Each structure stands twice: as structure tokens, then as C-alpha cells.
Amino acid sequence: MRASWRLLAGQRDMRLVLCAGLVSLSGDWILTIGLLYRVYAMTGSTVAAALTVLCSTVPPVLLGSVAGMFADRWDRKRTMVVADLLMAAGLLPLLAVHGRGQVWLVYAVLLFEGVVAQFFSPAQQAMVPRLVPDDQLVAANALNGQVRDVSRLAGSALGGIVAALGGVAAVALADAASFAGSAALLWCVRASGRVTTSTTQAMPLPRRLAAMVRDTGDGIMPAISAGHSASCRCSPCRAPATCSPVWACWPGCERAGTRQP
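So that you can map any letter, position 204 of the sequence shown is 386 in this note's numbering, and since no number is skipped, the others follow by simple counting.
See the structure below:
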């Protein structure tokens with residue numbers, strides 16, 4: 183605990199990234215729980231509510247490893263800011279939802295938000311090793327995991343309250359405000375999120391695409407064959423892999439706490 187407080191007190195950029203992650207991820211849960219409640223209230227259908235959950239869980243399953251691969255090649259800070267802004271803009275169609283006839287808009291928005299969110303989380307976790315010294319990486323990863331847990335608890339509770347009091351429009355506005363706040367916090371981060379140009383990035387486009395496909399297979403297959411749980415530990419740093427099993431098994435995964443050149 184003392185190490186965590188010392189880390190937060192001495193690392194301004196780390197505080198900003200953690201606060202941005204807390205706000206943005208809380209917004210994700212406000213949206214998911216709030217829309218789940220409102221869809222059931224509007225339709226009275228458990229099938230419609232189940233489809234709401236399905237739309238929010240399909241993107242991580244199908245696109246998690248692919249999004250993480252791109253996040254490893256893009257400017258991490260810019261990726262997070264753009265993802266927040268896109269997710270805020272993507273909530274606008276929810277303002278047109280007034281009854282069961284527009285429920286399909288809820289499904290479309292959840293799919294869009296889920297896809298974009300897959301770029302935010304790995305970029306955030308890959309940014310952490312740039313913000314703290316090597317001897318504080320374990321504490322930083324632990325704090326990052328606690329942020330995800332707190333956002334899940336707080337966002338879920340707020341989502342139910344906001345949905346009950348203000349309906350779909352209130353959920354959309356609350357979530358958009360969380361994304362705007364997160365983007366503002368990340369914009370204040372001084373550390374660079376740029377990725378050092380690698381041999382792969384210098385390749386011609388066809389060879390680069392082939393390398394990306396190969397990297398995707400390298401990331402997915404160990405998770406499938408070994409059946410790792412989300413609590414497995416990344417061997418280079420032995421820090422808790424608080425994200426999905428695919429991230430925990432990603433070769434040279436900077437998101438789990440290793441530092442890439």
C-alpha cells in the first residue's frame with residue numbers, strides 16, 4: 183500500500199492515465215448496465231436483454247487480439263484520446279431511442295462502442311511502462327488492475343441509477359461525459375506515446391500485413407491451447423495480467439508490464 187501511494191505521489195502522468203482509465207472504464211459499465219436495464223424495461227423481453235449483453239461481449243472475444251496488435255504499433259496516447267472521442271460521438275444515436283421500435287439502435291451502438299473500446303484498454307496498459315521506473319512497474323500494474331475493478335463496481339451502480347432516473351438519453355449523456363473527461367485527462371499527459379519504429383514497420387505493406395497476421399496467430403493460439411485464465415501472470419514481469427487471457431499470453435506483451443525498446 184505504501185508503495186502505491188508513493189507511486190501516485192511521485193508520478194504525475196501515471197495519476198492522469200489511471201484517472202482517465204477509471205473515468206473511461208466506468209463509462210463503459212454505465213452504458214452496459216444502464217442499457218441492459220432500459221432495454222428490459224422498454225421491451226419486457228429477456229431475449230432482448232440477452233442480446234444487449236451479447237452485443238457488449240462479442241467485440242472483446244472477436245477483436246481483442248487484433249486491436250491489441252494495432253495498439254502496439256500506434257501512438258498509445260493518441261490512440262486512447264481518439265478512442266474516447268469516437269466512443270463519445272458514437273453515443274449520439276441513443277438520443278433517438280424512445281421505445282421498443284428503436285432497440286436495434288441500442289445493439290448497433292453497443293457493438294460500435296465495444297469495437298472501439300478494444301483499442302483503448304491495450305493502449306492504456308502499454309503506456310504504463312513508459313510512465314514509471316522499472317522498480318515501480320509491479321505497483322503500477324497492480325494499481326491499473328484495481329482501477330479496472332473499481333470502475334466495474336462504480337460504473338455498474340451508477341448505470342442502474344442513471345437509467346432508472348433519466349432513461350436512455352441520460353445514460354448516453356453520462357457516458358459521453360465520462361469519455362470527454364478521460365480524453366481531457368489524457369491530453370494533459372506529458373510523456374510521449376509514440377512507438378519506436380521497428381523492423382516490421384519499415385517493411386513494405388504486403389510483408390507488414392503478413393507479419394500482423396502471424397502476430398495475431400501467435401497471440402491467439404497459446405490462449406486457446408493452454409486455456410489460460412485471466413489471473414495468469416506474465417513471465418517477464420510476473421505482474422498480474424488484469425486484462426483478457428489473450429493479453430496475458432501475448433509475446434513480449436508490454437501491456438502486462440514488460441518494457442519494449
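We put the CB at the ideal spot given by N, CA and C, even for glycine.
Keep in mind the model is a prediction, meaning the values are calculated, not measured.
Nearest Cα to F294 within the set G203, R194, L204 and L213: L213. DSSP assignment within the region 247-318 yields the following whole alpha helix (DSSP H) runs of 4 residues or more, N-terminal first: 258-271 and 285-313.
DSSP, read as helix, strand or coil, puts C237 in helix. Between A351 and G216, the beta carbon gap of about 11 Å keeps them out of contact (Cβ cut-off 8 Å).
One Cα belongs to R197, the other to F361, and the distance between them is close to 17 Å. No residue range can be given for V371, since it is assigned to no alpha helix (DSSP H) and is classified by DSSP as neither H nor E. Straight-line measurement puts the Cα of Q284 at about 26 Å from the Cα of V243. Two segments are said to touch when three or more pairs of C-beta atoms, one from each, lie closer than 8 Å; by this definition the region 227-245 touches the region 290-308. The continuous stretches of alpha helix (DSSP H) do not include G226, and DSSP gives it neither H nor E. Straight through space, the alpha carbons of T261 and L367 are spaced by roughly 14 Å. The beta carbon of M224 sits closer than 7 Å to those of G281, R282 and V285, all from its chain and outside the five residues before and after it, given in chain order. Judged by beta-carbon spacing, V288 lies within the 9 Å limit of T234, meaning their Cβ atoms are closer than that value. Around A373, the same chain offers D195, R312 and L313 as residues with beta carbons nearer than 7 Å, after the five sequence neighbours per side are excluded. In the structure shown, the three-state DSSP call for Q328 is helix. For S333, the CB contacts under 7 Å within the same chain, skipping 5 residues up- and downstream, are L204, L207, S208 and W211 in chain order. Burial check for A278: the Cβ neighbour count within 10 Å stays below 16, so the residue is exposed. Sixteen is the threshold: when 16 or more other Cβ atoms of the shown chains lie within 10 Å of the Cβ of C237, as they do, the residue is buried.
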